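Below is one structure; the comments refer to it alone.
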Amino acid sequence: MPNVQLASYAASPEASQGRKVYEDAPPGRSEFQRDRDRIIHSSAFRRLEYKTQVFVNHEGDLFRTRLTHSIEVAQIGRSIARRLMLNEDLVEAVSLAHDLGHTPFGHAGQEALNTCMKDHGGFEHNLQSLRVVDVLEERYANFDGLNLCFETREGILKHCSLEHAAQLGDVGGRFLNNQRPTLEAQIANLADEIAYNNHDVDDGLRSGLITLEQLASVRLFSNHLNEVRETYPALGERRVIHETIRRMINTVVSDVINQTEKNIGEQTLRDVNDVRNAPDLVAFSEPMQELNRELKTFLRNHLYRRYRVMRMSAKAKRIINELFNAFMEDRRLLPPQFLHAAELEHARSVADYIAGMTDRYAIREHRRLFAVEEE
Ligand code: MG
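Going by our numbering, 72 is the number at position 57 of the sequence shown; the sequence numbering is gapless.
Here you go:
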């Protein structure tokens, strides 16, 4: 990143712990910029366009998909990183890659696939995101996956069990040694939460599943809503909502910047190694944590567990289950490119295939397998 002074404890591409397969430094861009570019060109990234978070993709063109979600995470993350003099490119790379391993149908899909895989090592979308960039993408002559820098890979692996950490090698190390990832990875993680809390409010209102009246009980929302209504009494409802959400994001982002600056100020950080040995530093203030919890509880009770969402989740689970069982019973049903894996790894190949599906592809594949009139 030319012309920008970074903090001494920012992640630096020159001090990167490197890639699994050695490559010469890229001319004209940094190592983290190269990671971001590889992520954008991956096929898993393009598929995010047709994967959903809460609403199923065909429900409407205005709702967030995992692609627009990831772009919003990158935007929020970069704003925070720039203000804190941290490496925007790394935050962007981690943000754009963080959901690559997600199954179709959001959390319902992840739960269903994890249940299917319980006797075969389980399924966890975080680990799968890492698997996509380490193994599954087939684009380059000299290596499987995208051969990303250590710092990008560790940022993608937000959390994992100690058992998995022990198997993962380098990026698993910090879970075993009780260390933190870079501040850039911590920012991407929190930006993810800020993005989905706010856009779920927006999508929830647009879908009619939640109302402004219900949101009156959520202080983070209602404080801004009242302010907007007082300042612009004649403003139409859509603009009132956007103006309110814009202010909410602003407030939360400023809170994270201020609190994180304070947390950093209490440490003696000389370089990124000091960050690794410090506690989590990127954080909400305590009052904001409380407001954030209130919003999350509201969304869980009024949006994620609502009738329409639950019905869709149940359908999604059934589709994933039936696809999994069909492929497990007869491996010849798998597309040929997934067949080369050894018999023993068959379940993992099935999980890779299903996890890579978009919502509409899963629905179509299910129909192809189970509807007699289809081929
Ligand atoms: Mg996310």
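C-beta: ideal position from N, C-alpha, C; glycine also.
The structure displayed is predicted, hence computed values, not measured ones.
>> Residues in the same chain with beta-carbon distance under 6 Å from Pro17, minus the five sequence neighbours each way, listed in chain order, please.
In response: Interpretation of Pro17 is limited by its pLDDT of 49, a score under 50 that renders its predicted location unreliable; the figure taken from the coordinates is listed afterwards. Taken in chain order, the list of residues that qualify is empty.
> Just the Cα atoms here: how many angstroms apart are Ala298 and Asp149?
Replying inline: Roughly 29 Å between the two C-alpha positions.
>> My output table needs one value for Arg321: the three-state DSSP class, helix, strand or coil.
In response: Look at Arg321 here: in three-state DSSP terms it is coil, with no helix or strand label.
> Near Tyr155, which residues of its chain fall below 8 Å by C-beta distance, leaving aside the five closest residues on each side in sequence?
Replying inline: Excluding positions up to five away in sequence, the list reads Leu161, Asn162.
> What's the gap between the Cα of Gly116 and the Cα of His140?
Replying inline: Gly116 and His140 have their C-alpha atoms spaced approximately 5 Å apart.
> CB of Tyr37 to nearest heavy atom of the ligand MG: below 7 Å?
Replying inline: No, the beta carbon of Tyr37 sits no closer than 7 Å to any heavy atom of the ligand MG.
> Cβ-heavy atom distance between Asp215 and the ligand MG below 7 Å?
Replying inline: Answer for Asp215: no, Cβ out of range of the ligand MG.
> Contact check, Lys66 vs Thr373 under 8 Å by CB: the rounded distance?
Replying inline: Rounded, the Cβ-Cβ distance is 6 Å, consistent with contact.
> Under a three-way DSSP split, which group does Arg49 fall into?
Replying inline: DSSP places Arg49 in helix when its eight states are reduced to three.
> Nearest-angstrom Cα distance between Val36 and Glu281?
Replying inline: Val36 and Glu281: Cα-Cα distance of roughly 38 Å.
> Beta-carbon separation of Glu152 and Ala59 under 8 Å?
Replying inline: Note that the C-beta distance between Glu152 and Ala59 is below 8 Å.
> Looking at C-beta atoms only, is the number of pairs between the region 203-221 and the region 300-319 that lie closer than 8 Å three or more?
Replying inline: They touch, by the three-pair rule.
>> Among Asn102, Ser94, Phe158, whose alpha-carbon lies nearest the alpha-carbon of Asn273?
In response: Asn273 has its Cα closest to that of Ser94, out of Asn102, Ser94, Phe158.
> Nearest CA to the CA of Phe353: which residue from His84, Arg221, Val365?
Replying inline: The option with the nearest alpha carbon to Phe353 is Val365.
>> Below 8 Å, how does it come out for the region 275-289 and the region 213-230: are there three or more Cβ pairs, yes or no?
In response: Per the Cβ contact rule, the region 275-289 is not in contact with the region 213-230 (fewer than 3 Cβ pairs under 8 Å).
> Any heavy atom of the ligand MG within a distance shorter than 7 Å of the CB on Asp218?
Replying inline: Not under cutoff, so the answer is no.
> Any heavy atom of the ligand MG closer than 7 Å to the CB of Tyr211?
Replying inline: With a cutoff of 7 Å, Tyr211 counts as near the ligand MG, since its C-beta is closer than that to a heavy atom of the ligand.
> Is the CB-CB distance between Val268 and Ile91 below 8 Å?
Replying inline: Yes; because the gap between Cβ atoms is below 8 Å, this pair is in contact.
> So is Ala386 buried or exposed if we call it buried at 16+ other beta carbons inside 10 Å?
Replying inline: The residue in question, Ala386, is exposed, as its Cβ has fewer than 16 Cβ neighbours within 10 Å.
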